[in-house]
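Report on one structure; see the data block that follows.
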Amino acid sequence: MNSYKLSIAYDGTNYYGFQKQKKKPTIQGKLEEALNLLVDSYELNYSGRTDAGVHAKSQIVNIKTDLILDSKKISSLNKILGDSISINSFKIVSSNFHARYGATERTYKYLVRDSKSNYPHLNKNTYQHYSLLNLEDLNKVAQLFIGEHNFSSFSKIEKFNNPERSIFSSKWIKKNEIYEYTIIANSFLRNMVRNIVGVQLAYCDQKLSLQDILNELKKPSGERLNFIAPAHGLILWKVKY
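Numbering (full-length UniProt numbering), first residue to last: 1 to 241.
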């Protein structure tokens, strides 16, 4: 059986996330529909699920199959997948490669515009925040998340999930009119990145203090900080192995 590593980009706007769901369009569902037309049997795993509306520049999918994949077959798959999903690269990997459990780093980016920059053509993949933002303030709060913390106040906790995660990098830059946030970690909890972004924007809007955020990182109250940035500004950027 051959094992392949695929890098897949997608516009998540019209999908209910990556993971397959009954009677709802998902990225995994669309991918499997395409594969079923070319492959009799296969095993599929992926680096992590993304929520409804979230995009990806490089979601990693691992496929194990007896079929030999080549550029022609990948091109055929891309035609079936349509404009919103694209397999951008593929390579053969070891049979013990696992897209989820083998990942050591995951990088997400979040794109925001403030009240100074209202550009409707960017609405699909950047969040329009209707107040002014300050890069220095954003980075002041972003650095609080670096290190190992209990993120139960910054995510949707699922039963039996360990809420501790290690954040390797958390920073904002400004490119023209867009504030771009990059966060790198070993892995993320459900809704965690959107929650962290929402909390940072709430700090800039003076709805939370730095001390409020520190308190929840050091000694979680048991209640989630209910500031969650919209899904459409979030992009799964890169997965490292």
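In this text, a Cβ means the ideal position worked out from N, Cα and C, and glycines have one as well.
Note that the coordinates shown come from a computational prediction; the quantities given were computed from them, not determined experimentally.
- prompt: Hey, is the region 109 to 123 in contact with the region 223 to 233, meaning 3+ C-beta pairs nearer than 8 Å?
  reply: yes
- prompt: Would you call the region 159 to 169 and the region 126 to 137 in contact, with 3 or more CB pairs under 8 Å?
  reply: no
message: Distance check for Lys73 and His149, CA to CA, integer angstroms please.
response: 44 Å
query: Mapping DSSP to helix, strand and coil, what is Gln200?
result: helix
message: How far does the alpha helix (DSSP H) with Gln59 in it extend, from its first residue to its last?
response: Not the alpha helix (DSSP H): Gln59 falls in the beta strand (DSSP E), residues 55 to 65.
- prompt: Near Asn45, what residues of its chain come up, given a Cβ to Cβ distance below 7 Å and the 5 sequence neighbours on each side ignored?
  reply: Asn62, His98, Ala99, Arg100
task: Alpha carbon to alpha carbon, how far is Asn134 from Cys204? Give it in angstroms, no decimals.
output: 7 Å
- request: Buried or exposed for Thr104, please, with buried defined as at least 16 other CB atoms from any protein chain shown within 10 angstroms of its CB.
  value: When all chains shown are included, Thr104 counts as exposed.
- prompt: DSSP on Val112, reduced to helix/strand/coil?
  reply: strand
CA nearest to the CA of Ile178, picked from Val39, Ile213, Lys116, Leu37: Lys116
message: Within a Cβ cutoff of 8 Å, which residues of the same chain sit near Leu201, ignoring the five residues on either side of it in sequence?
response: Val112, His129, Leu133, Phe227, Ala229
- request: Thinking Ser155 and Ser95 are a contact (beta carbons under 8 Å), I'd like their distance in whole angstroms, please.
  value: With a contact defined as Cβ atoms closer than 8 Å, Ser155 and Ser95 miss out at about 33 Å.
- prompt: Ile173: which of Gln143, Glu43, Lys57 sits nearest, CA to CA?
  reply: Looking only at Gln143, Glu43, Lys57, the smallest Cα-Cα distance to Ile173 is reached by Gln143.
C-alpha gap between Tyr16 and Ile68, whole angstroms: 30 Å
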